Every structure is written in C-alpha cells, then in structure tokens.
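These notes are about the structure you will find just below.
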Amino acid sequence: MHLRELSPLFLVLSVCASYAAAGNVCTDRIGAVNGPVMFRHTWQVALPREANARSDFMFLSLCEPLSFPADSPAAPCNGKSICRVTDGKAEVLADLSVNASNVEMTDSWMFLKGNKCGEGHPQDFKMSIRLSCASHLGSPEYFIDRKCQMFLMWRTSAVCPKEPTRTEVPCSAYSTNGSRHDLTGLIKTTGGYTVETTNPSTRLVINVCSDMQPAYGIAYPPRSGACTLNDKNECQSVGQLESGLLANDTGLYLEYAAVPESQPRPGCTEPPRTVIQFRCPGRARSRAPRLISDVNCHYYVEWETQYACSLDLLQASPESCKFTSEVHGVDVDLTPLQLENGYHTTEMTINGSKAIFYYNICGKSLGISPAKCGSKRSSKSAICAEIGGQALSLGHEEEQTLQLVDDVVTMRFTDGSECSSSSGSPWSSNIHFVCSKERGDGELQFGWVDGDACTYHFIWETVHACPKAREEDCVIEQDGVRIDLRPLSRTGGDTPWTALGSLQSDKESVILVNVCEGLGKTSVGKDCGSGSTVCVKRSNGKKAVYGMEPSRLQYDKTSRTASLSSEGGLCWSGKKYRSVIHFVCKPGAVSTSPVVMREVESECLLELEWHSALACPRASHVGQDCRVNDDALGFQLDLSPLRSSKPYEVKHKGYSFLLNVCGAAEGTPCSADGKNVNASVCQVSISNGRFWSLGKASSELTYIDGMLNLTYTGGTPYNAPAKTPRSSSLMFLCDYEAGIGQPKFLDEANRTYTFVWYTSYACPPSFFVGCVYRDPHTNMSYDLSRLNQVNPDGNWIAQQDEVDHTVVAFLSVCRPLRRPFPGCSSKAAVCIMHSYHNGTNKVVIGNAGQARHAPQNISQHLSLLFDQGDPCPFKKNTNYSSVINFICDPNQEEHLLYMNPQRNQCEHRFLWVTHMACPVSHLESRDSCTLSDSQGMTYSLSSLHLPDSFYTVTSGDIMYELNVCGPVHGGHCASMSNTSVCVVKGSVAKQLARTNGMSLSSEDPGSLRLTYVGNYTNHSAEAVKVVIDATCDEGSNGHHFSLLRAEAKLVVFGLS
136 MHLRELSPLF LVLSVCASYA AAGNVCTDRI GAVNGPVMFR HTWQVALPRE
186 ANARSDFMFL SLCEPLSFPA DSPAAPCNGK SICRVTDGKA EVLADLSVNA
236 SNVEMTDSWM FLKGNKCGEG HPQDFKMSIR LSCASHLGSP EYFIDRKCQM
286 FLMWRTSAVC PKEPTRTEVP CSAYSTNGSR HDLTGLIKTT GGYTVETTNP
336 STRLVINVCS DMQPAYGIAY PPRSGACTLN DKNECQSVGQ LESGLLANDT
386 GLYLEYAAVP ESQPRPGCTE PPRTVIQFRC PGRARSRAPR LISDVNCHYY
436 VEWETQYACS LDLLQASPES CKFTSEVHGV DVDLTPLQLE NGYHTTEMTI
486 NGSKAIFYYN ICGKSLGISP AKCGSKRSSK SAICAEIGGQ ALSLGHEEEQ
536 TLQLVDDVVT MRFTDGSECS SSSGSPWSSN IHFVCSKERG DGELQFGWVD
586 GDACTYHFIW ETVHACPKAR EEDCVIEQDG VRIDLRPLSR TGGDTPWTAL
636 GSLQSDKESV ILVNVCEGLG KTSVGKDCGS GSTVCVKRSN GKKAVYGMEP
686 SRLQYDKTSR TASLSSEGGL CWSGKKYRSV IHFVCKPGAV STSPVVMREV
736 ESECLLELEW HSALACPRAS HVGQDCRVND DALGFQLDLS PLRSSKPYEV
786 KHKGYSFLLN VCGAAEGTPC SADGKNVNAS VCQVSISNGR FWSLGKASSE
836 LTYIDGMLNL TYTGGTPYNA PAKTPRSSSL MFLCDYEAGI GQPKFLDEAN
886 RTYTFVWYTS YACPPSFFVG CVYRDPHTNM SYDLSRLNQV NPDGNWIAQQ
936 DEVDHTVVAF LSVCRPLRRP FPGCSSKAAV CIMHSYHNGT NKVVIGNAGQ
986 ARHAPQNISQ HLSLLFDQGD PCPFKKNTNY SSVINFICDP NQEEHLLYMN
1036 PQRNQCEHRF LWVTHMACPV SHLESRDSCT LSDSQGMTYS LSSLHLPDSF
1086 YTVTSGDIMY ELNVCGPVHG GHCASMSNTS VCVVKGSVAK QLARTNGMSL
1136 SSEDPGSLRL TYVGNYTNHS AEAVKVVIDA TCDEGSNGHH FSLLRAEAKL
1186 VVFGLS
C-alpha cells in the first residue's frame, strides 16, 4: 500500500508491529539499516509553515549532539538530538540518548521516541521514518504529523541490501531564506570533474558529495573528494569527505578536509584541502568549475551550476507539466505528450526479452485499464511493465517529480512494486526528456536499469523538451578551448543582426540573424517566429526560416573555426531549409555582421561567415594602472572605481583587515606607523591593536574569463628565522548585479591572505551591437563596422578649440571605447575631456553614452545613438547621451565634427562625413576588384593591375605614382608598404593612400569607382581619399588616366 494512502490512524498503529532494535543504530548495521552512515550527520527537514510563520525546520542528529553557534536562534538545541525551530523559537523534541529502548525497527520503518509531548501531556513525542532503497544517500523529507507523532520519508542507499561502493555525504541544504537546494544530480558514479585552472600544470579533479570510483585507468584513494593528477595520471588526494553540503550568505559550499596524518606537500606548510563554492547562475550563465586560489595547497573552487539553484526554480508541478520563464527562467511545455484518455504503450526488447511498458505522464495514472501492474493497481500507477512474463509497477501516480536542469527534463516516478533485490523497497523509474527537434513528439526508449537502486531509466527525445531559449548551445569547451558566443544574442526588443549580402536568387532579400536566442525576442524579427535564428525576408514579402533553435556549436581545431548548423522550415520535396554559420576568429571585431558566402538552391542551403572576436579562444591578460585589456574582444576592465579614500574593512576571527584597491590604504594604523605607509592591506588585532602590513600597493592586474587577480607583496615579515614578508591576494569575480560589491576573507595560508570580491567591475561587456542598417524602403545596407576595421588600435577623436582649452571627445562605433583615457568609463562609447593649454587634462564626462543601439535612420540621416551615460546635472532625471549623424558624399573630404561642445548640454551631437557611410549594395566589393550584378554580369579592373610597375599622372611639378587594385611596385614610395597612391614633389615623396580597405562599386551601367583611403591622422577621422572613376569607352584604344580633382584630403582620377 502506498504511504499517502495510509490513514493517520494506520500509521500510528503501525508502531505496534515494530520490534526493538537489536544493537546500537549509531554503531551497528541493524537489518538493512546502515545507521553509522545515516546518522553521523545532522539533517535539516523543512516543515509546513502555519499561518504567519516565516520558517519552520526540524533538526535531527541521532549519533552526534546538535551544535549551533551561541548567537544562533537554535542554540537551545545544542547537545540534543531532535529539535524544532519555528521563526527563531527552539523546541527540544528529544534529548541525546539513542539506544535500544528508544529506537524500534521494522523491515522498512524506524521509530524514534523522544521527550514528553508538551507540558503535562502523558504521551512521548514519536518520529516514524519510512525507509526505502535508493541510489544515493538522500535526506529525510516531511510527510505528515498528527498530535505527538511525525512521519518522514527517506529514500536512501543506506538501507539497500548491498552496501554502496561509494561513500557519500549529505548533498542538500537550505539557504538563509529557507529555500532548498539539492546537488545530488551532480554526483558522478565513476571518475570526477576536471576543474578549469589558469595554470596548465595544475590538474585538479573533483566529485560532489561523493568519493571517486576508478575511471579511464585512474584509481582514486578511498573517501577522496578531490585530487590532483601528476604526469602519470596518478591521483594525489587534496581533500576527503567529512561534512556534507552547507549554506552561507554567498551560496552553497562543500569542504573536503585534509587526509588525517597526511604531510604538507613541498612548498606548502599545511596538508592540502579543498573547498567548492557553488553559485546559482539562473538559466543563462552556467560554466565549468574554476580554480580561484591554490595558495598553500588550499584549493578553492567556484562552480556556477544550475543544480545550485533553488528547487523552486528547477522543479515544476508534474500536474502542470510545464516550466515558465516567469517562474523557472525558461519555457518548456510537455503537455502535448500527455493523454487525457487512455495511456501510452511501447514495446521494446531489453536484454533479449520482450518488454511492454504502459505509462502516462503529467500526474496522470493509467486509470482502470487492462494494463498489468503486478500487485499494484493500475488506477494508482503511472507506469507499469511486463518484462519476461513478470508484471510490475514502476511508479505511483502521486509520487512524481519534474525537474529541469541543463536542458534535460526528468520526470521521476517512485513507490512502485517491491523490488526483489532489496528488502521491500519499491521500484522507481526516471524518464529523461531530451530536446530533439528532428524527432517531433518522439517516443519512449529504454536507457538503462540500475538494479541496485531498483530504478529504470528511459530516454524520450522530443521537440517538446526544447526550451524556447538555448543560450548554452552557444558555448563550447573542447580540447582546452572555450568559446562563448552568447554576447552576440539580441534580446529585449533589440535589433537583430543583418547579414551583408542577399540570396543569389533574390538580390533584394534581407537576411536576419540572431544566434543563441530566437528572432522573436528582437524588434523586427518577431514575424519570423520565436524559435527562428536565421530568417530570409524575400522581396515579395514572403519569409523563409533557414534556421531554428536548437543548434549546437561545433569547433574544428584544425581550421580553428566554430560553426552553428540548424534546420528551418519546409523547403521543397520534403527537404528543409538549412543554414550553417562559420565563425572565424578576428581580434577586435565585435560589431561586424555575418556575410553571405553562398546559397545552394538545390539543397535549400544558406552558408554565412562571421568574423568576430568572440570566436577567438580565451586567453589570460596582464595590465597595469588597475586596468587590463582584452585585445581579442577589444574591451578594458577598470578597477580604479573601487579605489577608495577610506579603506574597506573585513572582519574575521578577531582581526580587522583594512584594504584598498590598486593603492595604499590610508587612515590605518599601518599608514600612521611610518614604516608601512604604502600598505594596501593592514591587519589589525581587535583585542590589542597590534597591526601588520599584508603587502605594498600594486596596480598590476591579471585577467582570464571573468576573474581578476591583484596581488600585494612585501608586507611585514613573519617572526620566524626566514623573515618571510606577508602578502595578500585579491580575487575579483564577475557579478553583473553586485555594483562595487564588498571584499570577503577567504583564507590565510603560506604567509598569504586571500580575499574574494564579487563586483560588476570585473565583468566584460555583456553584449555587443550590430553595426549594419538595412533601409526597408531601398533595401540598401549600410555597414559602419568598417570604421572599426580601418582604426583597429584605438578610438576616434573629435575636438573643438575654446578660449583656454580644447574640448576632446573620444568616440567608438557600435562598441565600448577600446582603451579608455584614464577617467573615462570602461562602459562608455563616448567620453568628453578638456585639454588645457598648460598641458593638463581633465575628464568632465566619463560616460557620455553607451553603445546599445544599432545604426538607425533618424531624420533622414544614418545615425548612431549612445544613451544611458552618466547623470546629467543640467536636467532632472536625465542622463548624458550622444548622437552621430553620418553623411555619405564621395566627393567630400573625410572629417568628423563636434557640433555642440558646450558644457551645459545633456546631448552631444557629432557629424561624420565618410565614404564608409555609403550604402553597401550587391554592386560593391571590398578588398577585391571584381563584382557581379543581378544579371550575372561580371565587372573587373584586375587586368589593369601592373604586377611589376605603376602608372604615373603629372600635374605641373607634382607627379602621382599609382596602381589599380593593389600596391605600386617600385618608385619613390617603394619603402612604404601597401602604398597604392604616392605623390612626388621634387625630392619629397609621400604616401597618399593604401591598398588595405579598398572598395570597388558601380552606380551606373558602364562605370566603376575604385576608392582608396590613406592613414587616418591621429584617430581624427581625417584621411586622404583617392578615387579612380573608370568609364567604359568602346571606341578608345588602351586606357588613359587623368587628374580630375586635387585637394588636400581628396584626389580624383579619371580612367577611360
């Protein structure tokens, strides 16, 4: 009979059928119950909260006395074995006195007798625990309580007839807000997890709540939860199982203690141990475990994993059978797989025997049916089986759980028929729903069976398990390479990426792309469908979806490129549209758009290529002056805002640590001492005022993938013969919501004090902006990312002279400033500085706008809007913003003007005349001298290129040396690389333009325009532009150059 079907009276009477435990449950295995494994830990059980109660927990520790800090509300429970704490008020239910007189057993029950049930009450408090075999240690869970008796359920490996080969510790815990967390799903039955480290020589392997069993030829010491591997793949333990999962104010943590009687390793003063800190990343930022400190062989690991999230986020009601973005951060709906009438039937072969499974999901039973469920009733069973002539139930309808972790939905059924391999323990089953768009509804398939735990595992590949958003598909870790494309995703109504180019079969088509998210989350891609990632809008108004979620990121280590492949809607003859996006590493390119490479109509295939810095494997970076640059992604992390005139204070175990970032901690006993005025961390004894310097100021930062390290050395020497100076290490970790954050003490070992600091200033830009605008009326594309390509090393500068100073504006296009001037925000795309005639500079607006918007049409001008800058003091509730209006005029000089540099303006405006603001049509090619029109006609100037010489054009005493479609060979500018146009006056030669970035375009039939640009002067957007206008003259013999226009910044040649 199922536990939930038993009446409270039956549960109370069941005590009469028990027998006294023959032995001590704390030292002996009694029947199937392994008491020493179960009760050497303290267990916390959440109880139903009565009206107006904020929290209600019971604590159970039979073999060790309960122990809480003296200032804890649970302190009255100290020394007892069972205690209840409701809203901070403690009630002792049982003293510590476990023996045969107060512990009674049956085959599957344990009964505990406690204190008198309330003052003047004749009955004793009694606890009944229903025990059943499971694959893990598990934890007790509340079922019901009546008067003076409480009933718990505990599915645990400690009552299985076969003793587990692995040693486990408790793997669930409650956070300070009362939410429950369970990491059981991370336990590996063999081997362990490899921890990411910045030091290739450190190979750290860990497991969660369990020791490690042999795998891949590696043997692990008993009870070892963490170990380092040497060159021979031999495990050296760096921590063994002792206590279970715990919760603190920063999250969950496991501590693997030093092996008893072990000796310190060479270079360390204490035996090794390991602490794993778990953090919940929500649904968007999961990552592998990372080593954040290994000072003195004390290993500290941070692990962002969805398993660390509250079960409220991970679990949904089986009856609803769906997860929602509002509650769970993701949308998954399994209800289409549910049958309102009847049930599913699947036949398969298991180990050579025919098997038939009858099942329903989403809280439904099989109902009154002919399905055979052994001794169980089908009306109460959710899944039954006939295997080799034996009928059994694999799960009760009321005992279902539904959980979504790392894109796999697991529906678990328990309390089925009795399992012959355990004494009275029931069969259970897990159905793992795996996302597979190709499978449609899919069907149940046999996975494996865990005979020891009496659990069947099934796999159900189905489209209904696919989350609407699959950001994790955009992260890959393979062969030591980690690539994360998630910053490319557009959400919240942003403009999607627009590909350069169009279908060969439809030159006016527009191709929209949004990787890692569906186009439904963007402003102009909603009509393509929420799950579409590549969508073609044809000139006739129809749409074709070439890619849909999910699509897995693949990495080719030979070509060092990544690719995303996916299928879309129906094409023809049963085929589906397909798309492949090839990602090529290009350092500094964060605003470039994908480019159409080819269309294969017969295969319904569209291939795109995307040159992006996000396709570059991660690397470590070192910086000075409290800043560090990621040259690949082109952003800077700046911790100088954390520098404070008043030191930060951290208290730990009788000491106060006063510290500063990238500078000395002023106003501390160390700074007043005279000997340690440059101390960045000062340790002060709270009891007697003694103090020590923990290191001198330094501003050298090391950065890798969201982690920054700042180390101070040269502190007060230890009072030991070696006189080793003290040091300190500050580890800054990215937390987008933390703001400045606050340092916390982590460890002191090997003369080094370690602190951890979660702050948003350690976070790289969370997104990048596309730089392409597609005019919906003309279907012309404008690509401003070319401005980043011609100026890859820095920012653009616009300036305006005033009476006593020059107003200087630093600008970047579609991205944050690359290397911000000191005082400029690392988030800013526009920063304003005053440069005074006496040589001093002052940043007056550190953030005059962020790059959050793609180019757009504002008042008939191609424009870039930068907003969410610093608060503007000249208008209430307004932030600084900036606007750049672009003008395309091939006949004007290139220049960038600052339109209103007055200090009392909240909006700063700029005007930029550049040929790169001209439309990019299908009749333009870059870095090429060949283009084709919509009719398939090919135009080329390549035949005019002189491979060993150059052309000359003379105007008075000035001579121009130039070439077509490439650099000049020889001549006066031979020593200047990539020169395409050289001007010579007397004995002086000057490079006018370079081959890099040349473009060929056609405005009218029979004419071509080749454009060269010289070096931009001091990032001022001013450069010499050289234009060669070629026209077709069928009556001419050969070709002829002429000088049509010669200005300081613009030279135009005619070619006929």
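The letter at position 735 of the sequence shown is residue 870 when you use the numbering used here, and the numbering goes up by one with no holes. Built from N, CA and C at the ideal position, the CB exists for glycine as well. Here the structure is a predicted model, which is why all the values come from computation and not from measurement.
Beta-bridge pairing of residue i - partner residues as DSSP gives them
i: P561; result: E553
i: D662; result: D662 pairs with nothing; no bridge assigned.
i: M546; result: L537, I566
i: W178; result: L195
i: M866; result: N844, V891
i: E742; result: V715, R733
i: W632; result: V648
i: Y1033; result: F1045
i: S698; result: Q689, H717
i: K109; result: For the chain, the structure presents residues 136 to 1191; residue 109 sits outside this window and is missing.
i: E612; result: R617
i: P860; result: P852
Reference residue i; option with closest CA among the options
i: E1182; options: A1109, C519, I1093, T1114; result: I1093
i: S1075; options: D1083, L1066, A1124, L1081; result: L1066
i: G802; options: K788, Y790, E784; result: E784
i: C805; options: G798, V816, S428; result: V816
i: M1111; options: A897, A1128, K1120; result: A1128
i: K224; options: G1189, S207, N334; result: S207
i: T1192; options: D384, G166, P257, R617; result: As shown, the chain starts at 136 and ends at 1191. That puts residue 1192 outside it, with no answer to give.
i: D910; options: H996, N675, Y847; result: H996
i: Y1033; options: H912, F945, Q985, L1081; result: F945
i: G666; options: S637, K710, P602; result: P602
i: A983; options: H972, A964, V160, V436; result: A964
i: R189; options: L195, G313, R281; result: G313
i: K786; options: V819, P752, N795, F770; result: V819
i: S372; options: R164, A443, H433, N1026; result: H433
i: P424; options: N431, V430, V436, P416; result: V436
Residue j beta carbon less than 8 angstroms from that of residue i
i: S644; j: K672; result: yes
i: A634; j: V650; result: no
i: C1064; j: S1084; result: no
i: S1142; j: D1164; result: yes
i: P631; j: L654; result: yes
i: P782; j: A800; result: yes
i: L472; j: L539; result: no
i: F718; j: L579; result: no
i: V904; j: C949; result: yes
i: M245; j: I264; result: yes
i: V610; j: R574; result: no
i: V925; j: V1148; result: yes
i: P1025; j: Y917; result: no
i: N1014; j: Q1027; result: no
i: R1144; j: S1136; result: yes
i: Y309; j: A186; result: no
Cβ distance (whole Å) where residue i is taken to contact residue j below 8 angstroms
i: Y893; j: L774; result: About 13 angstroms; that fails the 8 angstroms criterion.
i: L843; j: F867; result: 4 angstroms
i: G1106; j: C1117; result: 6 angstroms
* To do: May I ask you to verify whether the stretch 287 to 300 touches the stretch 269 to 277, counting CB pairs closer than 8 angstroms and requiring at least 3?
  => Output reads yes: the stretch 269 to 277 touches the stretch 287 to 300.
* Inter-stretch contact (C-beta, 8 angstroms, three-pair minimum) for the stretch 318 to 330 and the stretch 338 to 354 -> With the cut-off at 8 angstroms, the stretch 318 to 330 and the stretch 338 to 354 touch.
* To do: Pair every Cβ in the stretch 987 to 1001 with every Cβ in the stretch 972 to 979, then say whether three or more of these pairs are closer than 8 angstroms.
  => Not touching, per the Cβ criterion.
* Asked: Can we say the stretch 475 to 482 touches the stretch 436 to 451, given the rule of at least three CB pairs closer than 8 angstroms?
  -> Touching, no, given that fewer than three Cβ pairs across the two stretches are closer than 8 angstroms.
* So, do the stretch 722 to 734 and the stretch 688 to 706 have three or more beta carbon pairs nearer to each other than 8 angstroms? -> The stretch 688 to 706 and the stretch 722 to 734 do not touch, with fewer than three beta-carbon pairs separated by less than 8 angstroms.
* **Three or more C-beta pairs below 8 angstroms linking the stretch 402 to 418 and the stretch 277 to 285** => Not touching, per the Cβ criterion.
* To do: Would you check if the stretch 757 to 767 and the stretch 935 to 942 touch, i.e. whether three or more CB-CB distances between them fall below 8 angstroms?
  => Flag = no, the stretch 935 to 942 and the stretch 757 to 767 do not touch.
* Looking at C-beta atoms only, is the number of pairs between the stretch 195 to 202 and the stretch 294 to 313 that lie closer than 8 angstroms three or more? -> The stretch 195 to 202, when compared against the stretch 294 to 313, does not touch it at the 8 angstroms Cβ threshold.
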